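Residue 437 in UniProt numbering sits at position 437 of the sequence shown; the count goes up by one each step and never skips. Beta carbons: idealized from backbone N, C-alpha and C, even for Gly. Predicted, not measured: the structure shown is a model, and the values here were computed from it. First comes the structure, then the notes that go with it.
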Amino acid sequence: MSDLHLKSIAELSTGLANGDYSSEELTRHFLERIQEFDQGLNAVVTLAEESALADAAAADACIAKGEAGPLTGIPILHKDIFCTRGIRTACGSRMLDNFISPYDATVVTRLKNAGVVMLGKTNMDEFAMGSSNETSFYGPVKNPWDRERVPGGSSGGSAAAVAARLAVAATGTDTGGSIRQPAALCGITGLKPTYGRVSRYGMIAFASSLDQAGPMTRSAEDAAWLLAAMAGFDERDSTSADRPVDDYVGQLGQDVKGLKVGVVREFFEDGLNPGMRAAMETAMAQLREMGAELVDVSLPNSHHSVAAYYVVAPAECSSNLSRFDGVRFGHRCENPRDLEDLYKRSRAEGFGSEVKRRIMIGAYALSAGYYDAYYLKAQQVRQVIADDFRKAFENVDVLLGPASPETAFRLGEKSDDPVSMYLSDIYTIAVNLAGLPALSMPAPLVDGLPTGLQLIGNYFEEGRILNLAHQLQQSTDWHLQMPEGY
């Protein structure tokens, strides 16, 4: 059973149904892999061994009764931004290092109801703020392809864990590219659904109008299985979309002949690494061979996306993080002199430098005299960017481009240059501002490192981009490549 970690969700589900192995055996296999390999990666911050084995036993009982679903007994990891009842949810921050959630996030509940086994929680940039997974209170995550390089962020722990086959799949969140960029840098498939497709209840908020949860898996097929369980309306989330969930798995296998794929001109201008450009061209050639029609498309205002995002997101984060005041839960300073001292020192000690930077930017953008000049203007630019996408989708079915301008950079390389770090998300941010679905899937390696091809769909067309990615993965082996030694 030493090759269980190489199997897909469908293969593992079939093996469980046939009695080739039990969920308990499968769970122990992955728990042992985490204990063996994670010390060099720092991808997992909490290992829930006892509850995982209890979940596995329940799954085995369910399988024995013939009541199992496709995800019953499948071991996964959750990003440590999702509240998990009775298990620490720290969000990569000292502020929540002692926080044990009294309830489960909707994403956790839905996957639990589908029968998955939670192995533990993955490391992440503090409060999901970062593009390299270096801002975590628990230290940086290392990329399994090269442990001197970053895995991307903020869902870098989830990406690294799936790439190293420490779990079959993991959950992630995407505010400006935080599923797709680490998926690209670690060589896995990561999907950011349409805003509102997956409930945000119990997912610790960074920027409420941008945050969206999604699956991080080895393949588009695995992502479809996971999304089918995660998606759906939730009355506890006022931003949740009240519409039926599509049959994402059933849509896989559709012919892509004649599909119009828009190649976003602005994503291939100066700033794109030459090796990355070559990898994208190889992927596009493969799409043409499959019968897809590639069309030149322009998103003329996409170059404003980074500037707009870094006003909107910090503004919303400064509001959301005001709840962490040392009074109700989370870190509290020692022996405060008065209430003001409690607030100041608890926040100064609890938040890291990147979180403080964004709180200050956001508070400034929302302050009297600057609101109209910055926040309101950024929201207007956001609408213009969304209009560009609407016009593009009048002529094409899917948009295409790179997920990241370069392969994984070295740890510490951009730590002292926040602006350079922010530009790591230059191809992903516009999608969040518009609220569209998009995924990153593995493309050809560049200098031995993964690259990511980004596919962007129209609203609630996750099934279409999952199918296109699946068809591409059926005719290539890019998603099967994995780092050596794992």
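Residues that DSSP places opposite Leu321 in a beta bridge: As a working mapping, residue 321 is identified with position 321 in the sequence shown. Its beta-bridge partners do not exist; DSSP assigns none.
Determine the closest residue to Thr194 out of Arg332, Asp242, Pro70 and Gly153, with distance taken between C-alpha atoms. Against the sequence shown, residue 194 aligns to sequence position 194. Taking the Cα of Thr194 as reference, the smallest distance to any Cα among Arg332, Asp242, Pro70 and Gly153 is reached at Asp242.
Please report the Cβ distance between Ser155 and Glu316, rounded to the nearest whole angstrom; I am assuming they are in contact, meaning their Cβ atoms lie under 8 angstroms. The count along the sequence shown starts at 1 and reaches residue 155 at position 155. The count along the sequence shown starts at 1 and reaches residue 316 at position 316. At roughly 19 angstroms, the Cβ-Cβ gap does not stay under 8 angstroms, so Ser155 and Glu316 are not in contact.
Scan the region 391-437 and note each continuous alpha helix (DSSP H) run of 4 residues or more that stays entirely inside, going in chain order. 418-422 and 429-434
For the ligand NAP, is there a heavy atom less than 6 angstroms away from the beta-carbon of Glu67? With respect to the ligand NAP, the structure offers nothing, as it holds no ligand at all.
Any idea if Gln35 is buried or exposed, counting beta-carbon neighbours within 10 angstroms, 16 or more meaning buried? Taking the first residue of the sequence shown as position 1, residue 35 is located at position 35. So Gln35 counts as exposed.
Are the region 176-192 and the region 82-99 touching, with three or more C-beta to C-beta distances below 8 angstroms? no
Whole angstroms are fine: how far does the CA of Asp477 sit from the CA of Lys377? By 1-based counting over the sequence shown, the position of residue 377 is 377. By 1-based counting over the sequence shown, the position of residue 477 is 477. Those two C-alpha atoms are separated by around 45 angstroms.
I'd like the list of long-range same chain contacts for Gly291, defined as Cβ closer than 8 angstroms, with 5 residues on each side in sequence excluded. In the sequence shown, residue 291 corresponds to position 291, counting from 1. Take Gly291, set aside five residues on each side of it, and the residues of its chain with a beta-carbon closer than 8 angstroms to its own are Asp255, Val256, Lys257, Gly258 and Leu259, in chain order.
Could you check whether Ser178 and Thr106 sit closer than 7 angstroms to each other, using their CB atoms as the reference points? The sequence position of residue 106 within the sequence shown is 106, counting from 1. The sequence position of residue 178 within the sequence shown is 178, counting from 1. Going by C-beta atoms, Thr106 is not nearer than 7 angstroms to Ser178.
So what's Phe127 in DSSP terms, helix, strand or just coil? In the sequence shown, residue 127 corresponds to position 127, counting from 1. For Phe127, the secondary structure class from DSSP, reduced to helix, strand or coil, is helix.
How would you label Ala64, buried or exposed, when you count the other beta carbons within 10 angstroms and need 16 or more for buried? Here the question's residue 64 lines up with position 64 in the sequence shown. Its Cβ having fewer than 16 others within 10 Å, Ala64 is exposed.
Assuming contact is defined by CB atoms lying nearer than 7 angstroms, are Val116 and Ile81 in contact in what I supplied? Residue numbering aside, residue 116 sits at position 116 when the sequence shown is read from its first letter. Residue numbering aside, residue 81 sits at position 81 when the sequence shown is read from its first letter. Contact flag unset, no.
Quick one: using the 10 Å Cβ neighbour count with 16 as the cut-off for buried, is Arg236 buried or exposed? Here residue 236 refers to the residue found at position 236 of the sequence shown. By the 10 Å Cβ count, Arg236 comes out exposed.
DSSP beta-bridge partners for Leu453? If you number the sequence shown from 1, residue 453 lands on position 453. Bridge partners of Leu453: Pro402 and Met441.
Would you list, in sequence order, the uninterrupted alpha helix (DSSP H) runs of no fewer than 4 residues that lie entirely inside the region 46-103? Fully enclosed alpha helix (DSSP H) runs of 4 or longer: 49-64.
Segment contact, 8 angstroms Cβ cut-off, at least three pairs: the region 166-182 with the region 428-441: Judged by pairs of C-beta atoms under 8 angstroms, the region 166-182 touches the region 428-441, as three or more such pairs exist.
By a C-beta neighbour count over all protein chains shown, 10 Å radius and 16 as the cutoff for buried, is Lys79 buried or exposed? The residue labelled residue 79 in the question sits at position 79 within the sequence shown. Per the 10 Å Cβ criterion, buried.
From Glu461, Ser93 and Ser424, pick the residue whose C-alpha is nearest to that of Phe267; which is it? Residue 267 sits at position 267 when you count from the first residue of the sequence shown. Ranking the options by Cα distance to Phe267, first place goes to Ser424.
Closest by C-alpha distance to Asp247, when choosing among Phe233, Ala229 and Gly330: Here residue 247 is taken as the residue at index 247 of the sequence shown, counted from 1. Measuring from the Cα of Asp247, the nearest candidate turns out to be Ala229.
Is the CB-CB distance between Thr135 and Glu148 below 7 angstroms? Translated into the one-based positions of the sequence shown, residue 135 becomes position 135. Translated into the one-based positions of the sequence shown, residue 148 becomes position 148. No, Cβ-Cβ distance for Thr135 and Glu148 is not below 7 angstroms.
Helix, strand or coil at Leu252 [DSSP, three-state]: Within the sequence shown, residue 252 is the residue found at index 252, counting from 1. Looking at Leu252 - three-state DSSP - the assignment turns out to be coil, as it is neither helix nor strand.
Would Asp354 and Gly157 qualify as a contact pair, given that the criterion is a beta-carbon distance under 7 angstroms? The count along the sequence shown starts at 1 and reaches residue 354 at position 354. The count along the sequence shown starts at 1 and reaches residue 157 at position 157. It should be noted that the sequence gives Glu, not Asp, for residue 354. No; because the gap between Cβ atoms is not below 7 angstroms, this pair is not in contact.
Please report the straight-line C-alpha distance between Asn133 and Ser475, rounded to a whole angstrom. Taking the sequence shown and counting its residues from 1, one reaches residue 133 at position 133. Taking the sequence shown and counting its residues from 1, one reaches residue 475 at position 475. Between Asn133 and Ser475, the C-alpha separation is close to 32 angstroms.
Should Leu439 and Leu400 be called a contact, given that it needs their Cβ atoms to be closer than 7 angstroms? Translated into the one-based positions of the sequence shown, residue 439 becomes position 439. Translated into the one-based positions of the sequence shown, residue 400 becomes position 400. Not closer than 7 angstroms, so no.
From which residue to which residue does the alpha helix (DSSP H) around Leu16 run? For the purposes of this step, residue 16 is taken as residue 16 along the sequence shown, with counting starting at 1. For Leu16, the enclosing alpha helix (DSSP H) covers residues Ile9 to Asn18.
Residue 513 - DSSP class collapsed to helix/strand/coil: Residue 513 is absent from the model: the chain starts at 1 and stops at 486.
Using DSSP's beta-bridge definition, name the partner residues of Ala365. Residue mapping note: residue 365 aligns to position 365 of the sequence shown, counting from 1. Ala365 is not bridged to any residue.
What does DSSP give as the partner residues of Glu293 in its beta bridges? By 1-based counting over the sequence shown, the position of residue 293 is 293. Beta-bridge pairing links Glu293 to Lys260.
By the DSSP assignment, the alpha helix (DSSP H) with Leu227 in it spans what residues? Walking along the sequence shown from the start, residue 227 turns up at place 227. Ala220 to Met230 is the span of the alpha helix (DSSP H), which, as asked, contains Leu227.
Given a threshold of 16 other Cβ atoms within 10 Å of its Cβ, counted over all protein chains shown, does Tyr374 qualify as buried or as exposed? In the sequence shown, counting from the first residue as 1, residue 374 sits at position 374. Classification of Tyr374: buried, given that the 10 Å Cβ count is 16 or more.
When the distance is taken between beta carbons, is Asn432 closer than 7 angstroms to Gly214? As a working mapping, residue 214 is identified with position 214 in the sequence shown. As a working mapping, residue 432 is identified with position 432 in the sequence shown. Contact: no.
Looking only at its chain, what residues have a beta carbon closer than 6 angstroms to the beta carbon of Glu289, apart from the 5 residues adjacent to it on each side? As a first step, residue 289 is located in the sequence shown; it is residue number 289 there, counting from the start. Excluding positions up to five away in sequence, the list is empty.
Which residues in the same chain have their Cβ closer than 7 angstroms to the Cβ of Ala231, if we skip the five residues on either side of it in sequence? For the purposes of this step, residue 231 is identified with residue 231 of the sequence shown, where counting begins at 1. Cβ neighbours of Ala231 beyond the five flanking positions: Pro193, Arg197, Val198 and Val245.
To the nearest angstrom, how far is it from the Cα of Pro151 to the Cα of Ala58? Start at 1 with the first residue of the sequence shown, and residue 151 comes out as number 151. Start at 1 with the first residue of the sequence shown, and residue 58 comes out as number 58. In this structure, the straight-line span from the alpha carbon of Pro151 to that of Ala58 is close to 34 angstroms.
For Lys112, which three-state DSSP category applies? Here the question's residue 112 lines up with position 112 in the sequence shown. In the structure shown, Lys112 sits in a helix (DSSP, three-state: H, G or I).
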